[in-house]
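Novice: With full-length UniProt numbering, the residue at position 31 of the sequence shown is 31, and numbering never jumps. From the three backbone atoms N, C-alpha and C, an ideal C-beta is built for every residue, glycine too.
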Amino acid sequence: MVVRGLGCPVRFALTAGQKGDAPQAETLLADLPAAVVLADAAYDSNRLREAIAGKGATAVIPNNPSRARKYELDTALYTERHLIECCFAKLKQFRRVATRYEKTARNYAAVVTIAAIVLWLR
1 MVVRGLGCPV RFALTAGQKG DAPQAETLLA DLPAAVVLAD AAYDSNRLRE AIAGKGATAV
61 IPNNPSRARK YELDTALYTE RHLIECCFAK LKQFRRVATR YEKTARNYAA VVTIAAIVLW
121 LR
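In structure tokens:
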């Protein structure tokens, strides 16, 4: 999920429960303007860092412990990453999002979209 500075969801992608979210990051960030991109250590990859730099943005991603080349982390900016967690918490206030009653991915994506619209309208 991509969240803008005020904690409102901008774009999301559904993935299978056993798949990682990090491979979706490049697709989600494409065509979106950004000065700074915050992510957790699971998203630390050279490819994603290069994609972010190609947009002219700064990547604020902690180093994966297994990374050979360490990047500097702006800890002051990284403290703002709580906005994405707060966004998930707001979305989970909607019971159909939190419990996933929908059987198909299409219907669940529609429910998440409606919940995101409601968050934008608040």
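1) Helix, strand or coil for R81? Go by DSSP, reduced to three states.
2) With 16 other CB atoms within 10 Å as the buried threshold, where does A89 fall?
3) What is the C-beta distance between L29 and V2, in whole angstroms, given that I count them as a contact (C-beta under 8 Å)?
4) How about L14 and A109: are their beta carbons less than 7 Å apart?
5) Taking only the alpha-carbon atoms, compute the straight-line gap between T70 and T113 and give it to the nearest angstrom.
6) Considering only residues of the UniProt domain "Transposase IS4-like" (2-119), which uninterrupted beta strand (DSSP E) runs meet the minimum length of 3 residues and lie entirely inside it, listed in chain order?
7) Could you check the C-alpha separation between E72 and T79 for me, to the nearest Å?
8) In whole angstroms, what separates the C-alpha of K19 from that of R122?
Specialist: Reading off the structure:
1) helix
2) exposed
3) 7 Å
4) yes
5) Checking the sequence shown, residue 70 turns out to be Lys, not Thr. Distance between the alpha carbons of K70 and T113: 37 Å.
6) 9-11, 36-38 and 58-60
7) 15 Å
8) 32 Å
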